[in-house]
Each structure stands twice: as structure tokens, then as C-alpha cells.
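Undergrad: Please find one structure pasted underneath; my questions will follow.
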Amino acid sequence: MPVAQPGGDPVGVGAETAPSRRNRRRQKKSSNTNAAVAAPAPAPVPAPAPAMPSPMQRLFDTSREVFSASAPGFVPPPDAVARLAAILNDLKSQDVGIDASMTCFKRSDSRASPAVTYLHFYDCSKFSFGIFCLPKSSVIPLHNHPGMTVFSKMLFGSMRLKSYDWARSNSEAGTNALTNSDGARLAKINTNAVVDASAETIVLYPENGGNLHCFTALSPCAVLDVMGPPYSSANGRDCAYYSEAPFSNTAGGVDARFSWLKEVPNNFEMKGITMPRRFIV
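In full-length UniProt numbering, the protein residues as written are 1 to 281.
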């Protein structure tokens, strides 16, 4: 049976002395300390993913890269053309903040030809881009793009696109000369078709691809152009406008593949609006 010490607790089997209690506390404290040391460190908090650039920022960045070496007659390499065209193919009207309900797509005066509006987003010595807004039945007359490469993307609506390149061989056309007596120059039709927003980006080059073209809006429509280098009056690269006349070959037959184009005075007026910059230069 347990033996009691005077004035103390029972001592014997199952009893615990004060030193043994202290030893157990030391062991418990040591165990807790070791457990704390062995606990794995908390996983690092991952950094937030970088924000994706806006469609307009991607368009600007890619255009700047593609036209970094731009000069009159410059043609970007095929991979650069494909890269910028892909950006434009994915672009939607909401990405640039326009829709057909805007005033610039309305005909304000039924007695006058519908006015075309150009929304200007950016230009520098290398390239420029903006959006042509055409009310139904409006026309951008036949004009050229001297020494320029131009990317055109329909954002909405439909239009008839007619484009030419200058003829290079009189034998192909069956004529004795590439210019006629009144100063008109022979051109070969590149495109004569209706295009809408389902069409992929159209690319025209300084010497081919439809460098001379005109637009006729079949419905309210918007087309975004990226041009490099831009028009420059100071450098002798103004926009020229042309009239069209049918072409007949030496055998007297009309050949619809060709037309005589003659430069005419510029009487086309277009309203220009500078848009707020929505990208980082």
C-alpha cells in the first residue's frame, strides 16, 4: 500500500514526485520546440499574372514592330505581315469603341452625298492607323497609296471594293502603249468584290495588291487601316485621285480586266476626328 510522507503526498507505485513532473514539463517543452522547428515553411504566394494588353495596345505594339524600318517602298517580311494581319483579324468593333449607332454612320443631309469620317488614332513618321466610317451609299473615290504598305480590316458593314495595280506589260493587255494621248495610264483590276467583316485583312503593297482602290458603302460600315509610311505632303507623297475609262485593245475589243486611269483634281472632303489615345506609346 502507499506510504505517506509526513505532510506530503503519497509516494509509491503510480505516484509522481516533483522532480519527475519537472522532467516531463521539460520534455513536453522540448517536444513542442522540435515540432515547431520541423514544421514546413508556408508556400510562397504566387505573384499575380501580368495583365493582358488591350487589343488596341497589341495593335499599336505590333504595328510599331512591323513598321520599324518603314520608308517609301518598304515591304514588311512575310512573317511580319502575317503577324499584323492576325492581330487585325481578331479585332472587333467593340475593341475600338465604335458601333453603327454613332452619328458618323448616319446620313445628316439627304440632299448631299453622305460624308465620310476618319477617326485618327495615331501617326508618326513610320506608320499611322485610324478608322474610316462610311454611312450607307458613301464613297471614298479611287485613290493611290504612294510607296505605302496598307493593312485594311472591315470591322462591320459591307462595301464594294474595287482596286487596281498599274499595268506593267502592254503585250498582256494587247495595246501599243501603257499611256494614252490624254495622259491616262493603263491599270489592271486587282479586286472588284463585296467585302464585309467576315473577310480577312486585305494587304496592299507599293507596287501590287491593289495599291489604287475605292470604297462604296452598301451599308453603314467601318474599315480600319494601318499604313506605313503615312501620307506626307512634305515628302511628296500626297494622295492622288483618279477617274476611270474603259479600255479597248488594238483589236477593238473591250477588255474589262483593264481601265484607263487619269489623275483628277482632289475634290474629296472627309471629316477628321482625333481620338483619345487608349494605348501606351
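Where a beta carbon is used, it is the ideal one built from N, C-alpha and C, also for glycine.
Note that the structure is predicted; figures quoted are calculated from it, not measured.
Just verifying my parser: in three-state terms, what is the DSSP assignment at T62?
TA: helix
Undergrad: Return the CA-CA distance between H143 and S108, expressed in angstroms with no decimal places.
TA: 25 Å
Undergrad: Counting only runs of 3+ residues fully inside the region 205–238, write out the beta strand (DSSP E) ranges in chain order.
TA: DSSP runs (the beta strand (DSSP E)) wholly in the region 205–238: 212–217, 221–228.
Undergrad: Which of helix, strand or coil does DSSP assign to I280?
TA: coil
Undergrad: Return helix, strand or coil for C133, following the three-state DSSP convention.
TA: strand
Undergrad: Kindly give me the distance between the Cβ atoms of M159 and V195, rounded to whole angstroms, as I take these residues to be in contact under 8 Å.
TA: 6 Å
Undergrad: Here's a check: name, in chain order, each residue in its chain whose Cβ is nearer than 7 Å to the Cβ of T216, leaving out the five neighbours to either side.
TA: V139, M159, R160
Undergrad: Have a look at P77 and P276 and give me their C-alpha separation to the nearest angstrom.
TA: 31 Å
Undergrad: For K271, which residues in the same chain have their Cβ closer than 8 Å to its Cβ, ignoring the five residues on either side in sequence?
TA: C104, A115, V116, T117, Y118
Undergrad: Measure the alpha-carbon distance for D238 versus Y231 and round it to whole angstroms.
TA: Straight-line Cα distance between these residues: approximately 6 Å.
Undergrad: When you compare the region 160–169 with the region 180–196, are there three or more beta-carbon pairs, one atom per stretch, that lie closer than 8 Å?
TA: yes
Undergrad: When the distance is taken between beta carbons, is P135 closer than 7 Å to Y241?
TA: no
Undergrad: List the residues that DSSP assigns as beta-bridge partners of G272.
TA: Y118
Undergrad: If we count the other Cβ atoms within 10 Å of its Cβ and call it buried at 16 or more, is residue 285 buried or exposed?
TA: Examination of residue 285 is not possible in this model, given that the chain is present from 1 through 281 alone.
Undergrad: DSSP three-state label for M154, please.
TA: strand
Undergrad: Taking 8 Å as the threshold, find out whether the region 88–100 comes into contact with the region 52–60 through three or more Cβ pairs.
TA: yes
Undergrad: Does the region 174–182 come close enough to the region 250–263 that 3 or more CB-CB pairs lie under 8 Å?
TA: The region 250–263, when compared against the region 174–182, does touch it at the 8 Å Cβ threshold.
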